[in-house]
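Scroll down for the structure; my scribbles are underneath it.
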Amino acid sequence: MSMDISLKFLASWLLSTLARLCSHCKPIFLIAAWCFCFGTAFGADLRRVEKAGGGIYRIHLTGSIELGDSERFRQLVNQDLDSVYISVHLDSPGGDIQEALRVSEMIRELGLSTTVLPDGICASACFFIWLSGEPKTASSLAKSRYFGRVGLHRPYFSNPGNDMKSQRAQEHLQRTVREFLNLRSVPGRLIDMMMSRASNEIYWLHQRDLDELGEYSHGTEELLIARCRYDKNLVDKVALFDESKRTTEADRLRAQLKLQDDCVDDQRYERIKNGRLQFVSKYGVKQSSLISPISQETQEDYIVSRVHPGWQQIVQSDAFRKWFNEQEKNIRDLAKSDKAIDAIRLIDLYKRSTAR
């Protein structure tokens, strides 16, 4: 079983386990029992923000995570499939773990990045969302002009019963979350730290913790090392040479960093491209038994249109033709394909180059 399949299976298992554990709860407490509870019951504020110059979007998720937020998140992402990259910016004290896991799974499927907004927090259930991003960024400082902090505490039922059945359910929930985090390569030390913090306490991640978790999952990091000679410490090395006035060494590493970043961008593109096609297939094209099946050609056109609305006008524009004629043969050959994935790649490359 592949790692991705295992993670998807365990996420589904965790959701179903939570539902079983809550089967003993009274209905009025059912939703509250699924929370790493902070915050209010009004749901997260979800909105899309366009970065200047290039049609690149990011999604802001702020406030308490409540029932229905994962569907609202899906709808927002669905609007942004024509973006070259999509990032998710977080400022949330936590909330409904089931909704957080659903958002986390979509972020993982699409290969989106996650970051904590400056002076914001991502605590409790929000941690699952942040953890799924590639890359993921946060700060260890209480005040930072760049990123906010990430905080942990143990999962809990907000309205536990005073009996052994409720106690066993609480213990089983914590074991299930521990196994889920183990599979996501979260260090055991951090999992122990999470479980040692009561629901009215919080452990804020230190720089050592963020370094151990890394910007990428272990599997992705090894892929980048193999294909891009990825060195997560390269930026720090450049800074050290700059500080010591060793200009030649700093310039050499800066050139290496540029090559590394370009390669990482290409690998991210491949991941996002495949994720978007799966997302469109999962949430977009639907066939009815009452109508004739969608032809392969129509379905390919539909997929391109979902990812790049108005793509026909783009490829007919003078700007696109000028750009296209300047490209290498391997890129021009993409125009000969009748596959959606090649058309999407071609338009993505055009948007990326003209956005700079």
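Here my numbering runs 1264 ahead of the position in the sequence shown, where the first position is 1.
Positions of the beta carbon are idealized from the N, C-alpha and C atoms, including for glycine.
The structure presented is a predicted model; accordingly, all values stated were derived computationally and were not measured.
Query: So, helix, strand or coil for Thr1510, using DSSP?; Result: Note that residue 1510 is Arg in the sequence shown, not Thr. Coil.
Query: Among residues of its own chain, excluding the 5 on either side of Tyr1410, which ones have a beta-carbon nearer than 7 Å to its beta-carbon?; Result: Pro1382 and Ser1403
Query: Answer yes or no: do Leu1395 and Arg1448 have a C-beta to C-beta separation smaller than 9 Å?; Result: yes
Query: Check for me: the beta strand (DSSP E) holding Arg1439 runs from which residue to which?; Result: Taken as a continuous stretch (DSSP letters only), Arg1439 belongs to no beta strand (DSSP E), being part of the alpha helix (DSSP H) at Met1428 to Leu1447.
Query: In three-state terms, what does DSSP make of Lys1400?; Result: strand
Query: Can you name, in chain order, every residue of its own chain whose Cβ lies under 6 Å from the Cβ of Leu1610, other than the five neighbours on each side?; Result: Leu1598
Query: Considering only heavy atoms of the ligand ATP, does any lie closer than 8 Å to the CB of Val1544?; Result: In the structure shown, the ligand ATP is absent, as is every other ligand, since no ligand is present at all.
Query: Taking Phe1392 as the reference, give the member of Glu1564, His1324, His1572 and Gln1362 with the closest Cα.; Result: Gln1362
Query: Using a Cβ-Cβ cutoff of less than 6 Å, which residues in the same chain neighbour Ser1287 once the five nearest sequence positions on both sides are dropped?; Result: Bear in mind that the predicted position of Ser1287 carries a pLDDT of just 39, short of 50, making it too unreliable to give a figure here.
Query: Report back the beta-carbon spacing between Asp1309 and Leu1331 to the nearest angstrom; my notes put them in contact at under 8 Å.; Result: That belief does not hold up - the Cβ atoms of Asp1309 and Leu1331 are roughly 15 Å apart, past 8 Å.
Query: Whose CA, out of Thr1378, Glu1335 and Glu1369, lies closest to the CA of Ile1323?; Result: Thr1378
Query: Residues in the same chain with beta-carbon distance under 6 Å from Glu1564, minus the five sequence neighbours each way, listed in chain order, please.; Result: Ala1604
Query: Sorted by chain position, which residues of the same chain lie with C-beta nearer than 6 Å to Arg1372's C-beta, five sequence neighbours on each side aside?; Result: Ser1396
Query: Taking DSSP's pairing of strands, which residues face His1353 in a bridge?; Result: His1324 and Thr1379
Query: Do you know whose CA, among Pro1451, Arg1418, Gly1412 and Tyr1321, lies nearest Asp1355's CA?; Result: Gly1412
Query: Nearest by alpha-carbon distance to Glu1369: which of Ile1385, His1353 and Phe1337 is it?; Result: Phe1337
Query: What did DSSP end up calling Tyr1547 once you bin it into helix, strand or coil?; Result: helix
Query: Using 8 Å as the threshold, is the stretch 1508–1518 in touch with the stretch 1423–1431, meaning 3 or more CB pairs across them?; Result: no
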